[in-house]
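Order-wise, the sequence lines are chains G and E. With the numbering used here, letter number 4 in the first sequence gets 889, and the count goes up by one each step, no holes. With the numbering used here, letter number 205 in the second sequence gets 613, and the count goes up by one each step, no holes.
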Amino acid sequence: MDPRRRRFERLCEPLRADLYRFAFWLARDRSVAEDVVQETLLRAWRSLEALTDDNSAKPWLLTIARREHARLHERKRLVTVDVDALSTAEDPALGRSDDHESGDVRAAIFALPDEYREPLVLQVLMGYSTDEIAAHLGLTNGAVLTRLCRARQRLRTVVLGRAEEET
Amino acid sequence: MKCSEARFALAADPSNVDSTVAGHLEACDPCAAYARDMSMLDDRLRAAMSVPAPEIMLPAGPQVAPSAPPRRHVLRQFALAASVAGVALLVGILWIGVPRQSLASAVVEHMAHEPYAWNRTQPMSVDSVAPVLGRSGVKLRDGMPGISYAHSCWFRGRHVPHLVVQTPDGPVTIMVLPDEEIGGREAFAEGGYRGMLVPAQRGSIAVLARDASDVDAVAGQALAAIAYVD
Chain G
886 MDPRRRRFER
896 LCEPLRADLY
906 RFAFWLARDR
916 SVAEDVVQET
926 LLRAWRSLEA
936 LTDDNSAKPW
946 LLTIARREHA
956 RLHERKRLVT
966 VDVDALSTAE
976 DPALGRSDDH
986 ESGDVRAAIF
996 ALPDEYREPL
1006 VLQVLMGYST
1016 DEIAAHLGLT
1026 NGAVLTRLCR
1036 ARQRLRTVVL
1046 GRAEEET
Chain E
409 MKCSEARFAL
419 AADPSNVDST
429 VAGHLEACDP
439 CAAYARDMSM
449 LDDRLRAAMS
459 VPAPEIMLPA
469 GPQVAPSAPP
479 RRHVLRQFAL
489 AASVAGVALL
499 VGILWIGVPR
509 QSLASAVVEH
519 MAHEPYAWNR
529 TQPMSVDSVA
539 PVLGRSGVKL
549 RDGMPGISYA
559 HSCWFRGRHV
569 PHLVVQTPDG
579 PVTIMVLPDE
589 EIGGREAFAE
599 GGYRGMLVPA
609 QRGSIAVLAR
619 DASDVDAVAG
629 QALAAIAYVD
């Protein structure tokens, strides 16, 4: 195997599942997420030389995925989805239809506005610090903290049934 | 610190509680309950967000560099790679003695539910690790350097501490299992992880790595660092 290929596999292979999950929560659609991941990997393969620091492979891939999702969204003019229909339609396909609790939580996450959902996924699932999220989204750290706070406040109300709070 | 400030910090990043917030929580029961809510909420968010990822294969190689190949061609190559990976996985599963490693298998399976745990690299303060350990009757004698993730996880019917420490060779996971007695040290390799189960003062400790990290050394550090509270 040629060194370029070996490097690509070493960097991308461990990140494929994370990449898919990130794309899934951006798109809220499995098939769109798969398209985003395929396009992301192809673009990453073509521009591998642009990645000068192997330790930055993950943010590099997630940034490409974010752009690919936006590009796909623009190209296909993806329709706005009904989150209620979406959660019930997605769950059986996720293989967790017996897990009602996760299904309910997923529906609550689906229903979050994009600007709240994306930083939350980056933090909870991708392990990003708030500084890293701010850099990724081009926001101030304060704006990220506010979005994360509001996202969790909404979810606390919906998922745990607590009274809503204002921050 | 005001309650509203503490709650803002907790809702924005419940896994990274600084000493000011931790101090407030000790004195304020409603905010401590709020912190527990946020911790519980994050557990459920992580579980819900960790959707199964399908086998999406890497691009086939240099032939795709100049221009994108027809999608069917890519999918065919991907399917072939998936078949090879499946056979390799099956051989691996058959090779490993399943009964002997049931605890190891459970630990490895748990890793799949918390992939984000490996991603945290920023060191955590002792103050933010202590509540996680305390929930399972565990504490650190003199601290342990390099802890980047600490969470109380539901594992085989109990809450157990799940830690990740950063080593020069990469992150290593430690699960403290006070209720899991084992007969002796067990090394295992499963699901892409190398690991070690070691008997501890109470139960056992599991140590796992995805790479060449020295799990033996980390197990030794963990055994020396962890104390059990009556």
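In this text, a Cβ means the ideal position worked out from N, Cα and C, and glycines have one as well.
Residue i versus residue j: straight-line alpha-carbon distance, rounded
i               : j               : result
Y601 (chain E)  : V572 (chain E)  : 14 angstroms
W526 (chain E)  : L433 (chain E)  : 27 angstroms
L947 (chain G)  : L933 (chain G)  : 14 angstroms
R906 (chain G)  : A912 (chain G)  : 10 angstroms
A420 (chain E)  : P888 (chain G)  : 42 angstroms
A461 (chain E)  : A435 (chain E)  : 43 angstroms
R1035 (chain G) : A440 (chain E)  : 19 angstroms
D437 (chain E)  : A918 (chain G)  : 43 angstroms
T925 (chain G)  : A950 (chain G)  : 5 angstroms
S458 (chain E)  : V568 (chain E)  : 20 angstroms
L511 (chain E)  : N1026 (chain G) : 41 angstroms
R593 (chain E)  : S612 (chain E)  : 9 angstroms
W945 (chain G)  : L936 (chain G)  : 7 angstroms
R528 (chain E)  : R1037 (chain G) : 20 angstroms
A620 (chain E)  : Q574 (chain E)  : 13 angstroms
R1047 (chain G) : R892 (chain G)  : 48 angstroms
L904 (chain G)  : D638 (chain E)  : 43 angstroms
V425 (chain E)  : A490 (chain E)  : 42 angstroms
Q530 (chain E)  : R931 (chain G)  : 31 angstroms
M639 (chain E)  : L997 (chain G)  : A query on residue 639 (chain E) cannot be resolved here, the shown segment of chain E reaching from 409 to 638 and no further.
R610 (chain E)  : P576 (chain E)  : 29 angstroms
Exposure label - residue i; buried when at least 16 CB within 10 Å
i               : result
C411 (chain E)  : exposed
D920 (chain G)  : buried
W562 (chain E)  : exposed
L1045 (chain G) : exposed
H570 (chain E)  : buried
L488 (chain E)  : exposed
A974 (chain G)  : Confidence at A974 (chain G) is low in this model, with a pLDDT of 47, below 50, so its placement is unreliable and the value that follows should be read with caution. Exposed, by the Cβ-count rule.
Q923 (chain G)  : buried
E588 (chain E)  : buried
V534 (chain E)  : exposed
Q471 (chain E)  : Below a pLDDT of 50, predicted positions are generally treated as unreliable, and Q471 (chain E), at 46, falls in that range; the measurement from the model is reported next regardless. That one is exposed.
R549 (chain E)  : exposed
R901 (chain G)  : buried
G653 (chain E)  : A question about residue 653 (chain E) goes unanswered here, because the residues of chain E that appear run from 409 up to 638.
Closest by C-alpha distance to residue i, when choosing among the options
i               : options                            : result
S427 (chain E)  : E:A414, E:L548 and E:A441          : E:A414
R1041 (chain G) : G:I994, G:R915 and G:P944          : G:I994
V990 (chain G)  : E:S556, E:R454 and E:D550          : E:R454
G988 (chain G)  : E:G603, E:H559 and E:A456          : E:A456
G554 (chain E)  : E:T581, E:S560 and E:S544          : E:T581
E463 (chain E)  : E:R452, E:V492 and E:D619          : E:V492
I634 (chain E)  : E:H518, E:T529 and E:V540          : E:V540
H1021 (chain G) : G:R952, G:Q1038, G:A992 and G:V922 : G:R952
H518 (chain E)  : E:E598, E:M552 and E:S447          : E:E598
R956 (chain G)  : G:R928, G:S941, G:K943 and G:A942  : G:R928
G591 (chain E)  : E:R444, E:V606, E:D622 and E:G578  : E:V606
A417 (chain E)  : G:G1023, G:T1015 and G:A1019       : G:T1015
E522 (chain E)  : E:G578, E:G494, E:R564 and E:D451  : E:D451
Cβ separation of residue i and residue j, assumed to be a contact under 8 angstroms, to the nearest whole Å
i               : j               : result
A617 (chain E)  : M583 (chain E)  : In fact, because the Cβ distance is near 13 angstroms, the residues do not count as touching under 8 angstroms.
L631 (chain E)  : A608 (chain E)  : 6 angstroms
V546 (chain E)  : G603 (chain E)  : That pair is no contact at about 19 angstroms.
P1004 (chain G) : V1043 (chain G) : Rounded, the Cβ-Cβ distance is 18 angstroms, inconsistent with contact.
D938 (chain G)  : L896 (chain G)  : In fact, because the Cβ distance is near 11 angstroms, the residues do not count as touching under 8 angstroms.
S704 (chain E)  : S560 (chain E)  : Residue 704 (chain E) is absent from the structure shown; chain E starts at 409 and stops at 638.
M532 (chain E)  : S556 (chain E)  : 6 angstroms
Checklist entry - Along the segment 1026-1049 of chain G, what residues have a CB closer than 9 angstroms to any CB found in chain E? => result V1029, L1030, T1031, R1032, L1033, C1034, R1035, A1036, R1037, Q1038, L1040, R1041, V1044, L1045 and R1047
Checklist entry - Which residues, in order along the segment 898-932 of chain G, keep a beta-carbon less than 7 angstroms from a beta-carbon of chain E? => result E898, R901, A902, D903, Y905, R906, F909, W910, E919, V922, Q923, L926, L927, W930 and R931
Item to check | Interface positions of the segment 447-463 of chain E facing chain G (Cβ-Cβ less than 8 angstroms), listed along the chain | outcome: M448, L449, D450, R452, L453, R454, A455, A456, M457, S458, V459, P460, A461 and P462
Item to check | Interfacial residues, the segment 990-1020 of chain G to chain E, with Cβ spacing under 8 angstroms | outcome: V990, R991, I994, L1005, V1006, Q1008, V1009, L1010, M1011, G1012, Y1013, S1014 and T1015
Checklist entry - Using a beta-carbon distance cut-off of less than 9 angstroms, what residues from the segment 566-583 of chain E approach chain G? => result none
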